[in-house]
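Novice: Here it is, the structure, as structure tokens.
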Amino acid sequence: QSALEDQRRRWSTWLEDNVVGVMESDSQTRPFRPLEAGRNLDILEMARKGIPQEQRGYVWLGVSGGRDRLEKSLQGRGERRYEEYRDDATPWPDEDRAKLDKAKHEIEKDLKRTFPKHETLSSEEAQQKLRSVLSAYARRNPRVGYVQSMNYIGALLLLFMEEDEAFWTLTAMVEDLLPESFYADNMSALLTELDGRVKTITAIEATADTLVKGGHYASELIRAREKGLKENHDKLPSGFSYQTASLAPT
């Protein structure tokens, strides 16, 4: 219990220093300040020890970069508001419209598969929120649209934060933390990454195998050399000394 209280205290201090004003759940105003503490090793150490459940949403929003995007949207600085993406009825070019229709179909198919036994996430209200967040992102970024597993990420975010916060955290994860190509339909970047890792592991294993075989071969050479020296030594006259032989005239 004391360890948990210590975690709460440390995270509360961090949040008060870096996410001013959002600790009050009923607050309608959200002043922000640059997130500096999220870019050093202290927060990594804290995260490894765990984030108390009631503080996870605030922390995830902050460290992902979603908070910075949310700030810009609220202040009209280069980002549209979440509600504009969610409620957007703007006609789309045919190519984007086809992608959005496909995304909508995939989202509806995956909603029922998303934590179906979870009491909260399986409710109609939760599924509607998830539908809104995923659809809004597909409208924001038709190139990526919707890909499977976004539903699980979005659902977990919605357990700990509001719709707009979940939307901007998801946006930061997809657009800032990994290249967009990781979310392509053919998973080209992911497969390239995995292929690179497999080749690296294979190379390491091959090198290790060579070193093991080389070490074994070297050991065999040493044993053979020692055996040869012993055999030669056994053939020497009784009382022969290497020291005496070295003093003999040549």
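Sequential numbering of the sequence shown, starting at 1, is according to the working numbering.
Idealized CB from N, CA, C, for every residue including glycine.
#1: Quick check: what's the CA-CA separation for Arg33 versus Gln55?
#2: Please state the DSSP three-state secondary structure of Asp6.
#3: Taking the alpha carbon of Leu100 as the point to measure from, which residue in Leu74, Ala136, Gly65 has its own alpha carbon closest?
#4: Does DSSP put His105 in a helix, a strand or coil?
#5: Please confirm whether Met161 and Gly57 have their CB atoms less than 8 Å apart.
#6: When the Cα atoms are used, what is the spatial distance from Tyr85 to Leu157?
#7: So, are the CB atoms of Met173 and Ser64 less than 8 Å apart?
#8: What does a CB cutoff of less than 8 Å around Ile252 pick up in its chain, not counting 5 residues either side in sequence?
#9: In three-state terms, what does DSSP make of Val59?
#10: Just checking, does the segment 137-150 make contact with the segment 92-112 on the three C-beta pairs under 8 Å criterion?
#11: Please report how far the alpha carbon of Gln127 lies from the alpha carbon of Tyr146, in whole angstroms.
#12: May I ask you to report which of helix, strand or coil DSSP gives Trp14?
#13: Is the beta carbon of Glu165 sitting closer than 8 Å to the one on Leu70?
#14: Given Ser132, which residues of its chain have a CB within under 7 Å of its CB, disregarding the five upstream and five downstream residues?
#15: When we look at the beta-carbon of Lys112 and count the other beta-carbons within 10 Å, is it buried (16 or more) or exposed?
#16: Check for me: the alpha helix (DSSP H) holding Leu156 runs from which residue to which?
#17: Counting only the same chain and skipping the five closest in sequence on each side, list residues whose C-beta sits under 8 Å from that of Ser2.
#18: What did DSSP end up calling Tyr146 once you bin it into helix, strand or coil?
Specialist: Taking the coordinates as given:
#1: Along the sequence shown, read from residue 1 onward, the residue named residue 33 stands at position 33. Along the sequence shown, read from residue 1 onward, the residue named residue 55 stands at position 55. Unreliable positioning characterises Arg33 in this predicted model, as indicated by a pLDDT of 43, which lies under 50. The coordinate reading is nonetheless provided below. So the alpha carbons of these two residues sit roughly 18 Å apart.
#2: Position 6 of the sequence shown holds residue 6. Residue state, collapsed to three classes: helix.
#3: Working through the sequence shown from its first residue, we reach residue 100 at position 100. Checked all of Leu74, Ala136, Gly65; the closest Cα to Leu100 is Ala136.
#4: Your numbering for residue 105 matches position 105 in the sequence shown. Residue state, collapsed to three classes: helix.
#5: Translated into the one-based positions of the sequence shown, residue 161 becomes position 161. Translated into the one-based positions of the sequence shown, residue 57 becomes position 57. Taking 8 Å as the Cβ cut-off, Met161 and Gly57 qualify as a contacting pair.
#6: Taking the sequence shown and counting its residues from 1, the one referred to as residue 85 is at position 85. Taking the sequence shown and counting its residues from 1, the one referred to as residue 157 is at position 157. Looking at the two C-alpha atoms, the distance is approximately 18 Å.
#7: Within the sequence shown, residue 173 is the residue found at index 173, counting from 1. Within the sequence shown, residue 64 is the residue found at index 64, counting from 1. In this structure, Ser64 lies closer than 8 Å to Met173 by Cβ.
#8: With the chain represented from 1 up to 250, any question about residue 252 goes unanswered, as that position is not in the structure.
#9: In the sequence shown, the residue the question calls residue 59 occupies position 59. Helix.
#10: yes
#11: Position 127 of the sequence shown holds residue 127. Position 146 of the sequence shown holds residue 146. Distance between the alpha carbons of Gln127 and Tyr146 is about 16 Å.
#12: Translated into positions along the sequence shown, residue 14 becomes position 14. Trp14: helix per DSSP, three-state reduction.
#13: Counted from its first residue, the sequence shown places residue 165 at position 165. Counted from its first residue, the sequence shown places residue 70 at position 70. Yes.
#14: Taking the sequence shown and counting its residues from 1, the one referred to as residue 132 is at position 132. So the list reads Arg86, Glu163, once near-sequence residues are dropped.
#15: On the sequence shown, residue 112 is found 112 positions in, with the first residue counted as 1. So Lys112 counts as exposed.
#16: Indexing the sequence shown from 1 puts residue 156 at position 156. Element bounds for Leu156: 150-160.
#17: Here residue 2 corresponds to residue number 2 of the sequence shown, with the count starting at 1. Excluding positions up to five away in sequence, the list is empty.
#18: Mapped onto the sequence shown, residue 146 falls at position 146. Reduced to three states, the DSSP call for Tyr146 is coil.
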